[in-house]
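Worksheet: the structure to be examined is printed underneath.
Protein chains: 2
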Amino acid sequence: MGVEERRQQLIGVALDLFSRRSPDEVSIDEIASAAGISRPLVYHYFPGKLSLYEAALKRASEDLAGRFAEPHEGPLGARLLRVMRRYFDFVDEHGPGFSALMRGGPAVGSSTTNALIDSVRQAAYEQILTHLGVTEAPARMELVVRSWISLAESTALIWLDGRRIPRAELELQLVHDFAALAAVSAAYDADMAALLRTMVKDEPADGPFAELVGRLLSLAP
Amino acid sequence: MGVEERRQQLIGVALDLFSRRSPDEVSIDEIASAAGISRPLVYHYFPGKLSLYEAALKRASEDLAGRFAEPHEGPLGARLLRVMRRYFDFVDEHGPGFSALMRGGPAVGSSTTNALIDSVRQAAYEQILTHLGVTEAPARMELVVRSWISLAESTALIWLDGRRIPRAELELQLVHDFAALAAVSAAYDADMAALLRTMVKDEPADGPFAELVGRLLSLAP
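So the protein sequences, as listed, match chains Y and R. With my numbering as the guide, the letters of the first sequence map in order to residues 1 to 221. With my numbering as the guide, the letters of the second sequence map in order to residues 222 to 442.
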């Protein structure tokens, strides 16, 4: 194998191990053994576990950011629901590593890992703005989108801790949460009210937004 | 000064400095100077900056957790709004230190600091459950409360970054966000629907929940 090919293979093996267990429980010996090479050869390609972890995290970050890309076609609610499905696929595939990373701590908290987490959040933020047809978000819109992204993260982390709620329900709930947070903000702000009207204008009668309204109406006494 | 008195004074001086700037920008020399003692004397009480930082963070955590305590009297919306005011008071007083801590990174991310952050989140979670009259939260209720706590954190962090929205508006918005997230969850779950009815049953016509409903109705075409 060539140098770059071997590096890429090691990153793949390491990402698989770092995804399935908390990174501080994964040793270089284990990575070497899973890759079928010697421990010194791992160190030939990566100076230590942290640099290999960061390379694996970089690949995972690019993978996740890529899953946010969604064609600008059809109703917004259905687009967001498809993204949520791909997001939960990712969270499902990388569960223990995702939890350890997002909960922070010495094994996973470096300025590089924080920058990678921020780059994924920023990619999600920018994708959502393009679907909303906005280039410069006013302050309240930025707040709604960024705080909803953090809500999606915490919802995924709570789901991973025991998986007590079916993930399909949470994917749809997060779409509804976005609409609900936008609606609260719209109650304060004309920009957000205009955005909300755009969001719901092309929603079909059987789409997720209409379903939410139906469910909420059924709660009324 | 006695040993314990001196330790407490140093913690207070350090907390003040760690609150006003990112902790990695604060030196032991500066803390010694602000406390009016020599650098070696600081090391006599604390082995290093990290242990002093952790002691300061422990004091701040207890302070913040204490602000969640609210008498079990009057409508729920007004109680939560009073807690939100005290929460933003805290965030305002400790702005740069709060941001640096919650954004993580090597200067502030240790297992001790993470445990302190978790203890504050847990205190908030338990306080909310007692106000809802719940001892064992079902899975969906736990999700709503815990994910709303993370929404409150991210809202405070976004506010600190430029303070472009009046904090009083965000304090009220977070109360509304709680109701909105509970309403979305209630659309899926009988326990949450029953809880929502309890929440709104004693709300006055001029309380925050009624205000939200009025604002939302005014959005309708």
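Yeah, the Cβ is synthetic: ideal placement off N, Cα and C, and Gly gets one too. Keep in mind it's a predicted model, so treat the numbers as computed, not measured.
(request) May I ask you to report which of helix, strand or coil DSSP gives V224/R? (result) helix
(message) Using the three-state DSSP reduction, which class does I386/R fall into: helix, strand or coil?
(response) coil
(request) List the residues of chain R whose Cβ lies closer than 7 Å to the Cβ of T155/Y, in chain order. (result) L364 and S368, listed in chain order.
(message) Under 8 Å: do the region 307-325 of chain R and the region 232-246 of chain R share three or more Cβ pairs, one atom per stretch?
(response) yes
(message) Looking at A115/Y: is its Cβ nearer than 7 Å to the Cβ of A56/Y?
(response) no
(message) Applying the 10 Å Cβ sphere with the 16-neighbour rule, what's the burial state of P292/R?
(response) exposed
(request) Assign I379/R to one of three DSSP states: helix, strand, or coil. (result) Three-state DSSP puts I379/R in a helix.
(message) Check this for me: beta carbons of V175/Y and G77/Y, under 7 Å apart or not?
(response) yes
(message) Residues in the same chain with beta-carbon distance under 6 Å from V365/R, minus the five sequence neighbours each way, listed in chain order, please.
(response) Cβ neighbours of V365/R beyond the five flanking positions: L402, A403 and S406.
(request) Pull up the distance between the alpha-carbon of L372/R and that of Y266/R, whole angstroms please. (result) Near 38 Å, if we compare the C-alpha coordinates of Y266/R and L372/R.
(message) I need the DSSP call for D423/R, collapsed to helix, strand or coil.
(response) coil
(message) Taking the beta carbon of K518/R as the centre, do at least 16 other beta carbons fall within 10 Å, making it buried, or is it exposed?
(response) The requested residue 518/R is not part of the displayed model; chain R covers only 222 to 442.
(message) 7 Å is my cut-off, CB to CB: does L350/R come that close to chain Y?
(response) no
(message) Taking 7 Å as the threshold (beta carbon to beta carbon), is R164/Y in contact with chain R?
(response) yes
(message) Helix, strand or coil, according to DSSP, for F46/Y in the structure here?
(response) coil
(request) Work out the CA separation of L353/R and I258/R for me, nearest whole Å. (result) 49 Å
(message) Taking its Cβ as the centre, do 16 or more other Cβ atoms sit within 10 Å of P442/R, making it buried, or is it exposed?
(response) The predicted model places P442/R with a pLDDT of 48, which falls under 50 and marks its position as unreliable; any figure quoted below should be read in that light. Residue environment for P442/R: exposed (fewer than 16 other C-beta atoms within 10 angstroms of its C-beta).
(request) Take the Cβ of E203/Y as the centre, count every other Cβ of all protein chains shown within 10 Å, and call the residue buried at 16 or more, exposed below. (result) Buried, because 16 or more other Cβ atoms sit within 10 Å of the Cβ of E203/Y.
(message) Just verifying my parser: in three-state terms, what is the DSSP assignment at I370/R?
(response) helix
(request) Measuring alpha carbon to alpha carbon, tell me which of A411/R, L350/R and M323/R ends up nearest S375/R. (result) Closest by alpha carbon: M323/R.
(message) Between the alpha carbons of A377/R and F309/R, how many angstroms are there, rounded?
(response) 7 Å
(message) Quick check: is the beta carbon of D412/R nearer than 7 Å to any beta carbon in chain Y?
(response) no
(message) Using the Cβ count rule (16 or more neighbours within 10 Å means buried), how would you classify Q394/R?
(response) buried
(message) Quick check on the DSSP output: the alpha helix (DSSP H) that includes V304/R runs from which residue to which?
(response) Unbroken alpha helix (DSSP H) run through V304/R: L297 to E314.
(message) For the region 385-401 of chain R, list every residue whose C-beta sits within 7 Å of some C-beta in chain Y, in sequence order.
(response) R385, I386, E390, Q394, H397, D398 and A401
(message) Please list, in chain order, the chain Y residues whose beta carbon lies closer than 9 Å to that of R324/R.
(response) N114 and D118
(message) Measuring alpha carbon to alpha carbon, tell me which residue in L50/Y, Y43/Y, E4/Y and R7/Y is nearest F18/Y.
(response) L50/Y
(request) Determine the extent of the alpha helix (DSSP H) in which H131/Y is found, giving its start and end residues. (result) S111 to L132
(message) Quick check: the Cα distance between T333/R and L273/R, rounded to an integer number of angstroms?
(response) Rounded to the nearest angstrom, the two C-alpha atoms are 12 Å apart.
(request) Determine which residues of the region 231-255 of chain R have a Cβ less than 8 Å from any Cβ of chain Y, and write them out in chain order. (result) none
(message) Assuming contact is defined by CB atoms lying nearer than 7 Å, are A124/Y and I158/Y in contact in what I supplied?
(response) If you check the CB distance, A124/Y and I158/Y do not come in under 7 Å.
(message) Just to confirm before moving on: does the CB-CB distance between L350/R and A360/R stay below 7 Å?
(response) no
(message) So, for L262/R: in the same chain, excluding its five sequence neighbours on each side, which residues have a beta-carbon less than 6 Å away from its beta-carbon?
(response) none
(message) Tell me the residue span of the alpha helix (DSSP H) that contains I28/Y.
(response) I28 to A35
(message) So for R242/R, helix, strand or coil by DSSP?
(response) coil
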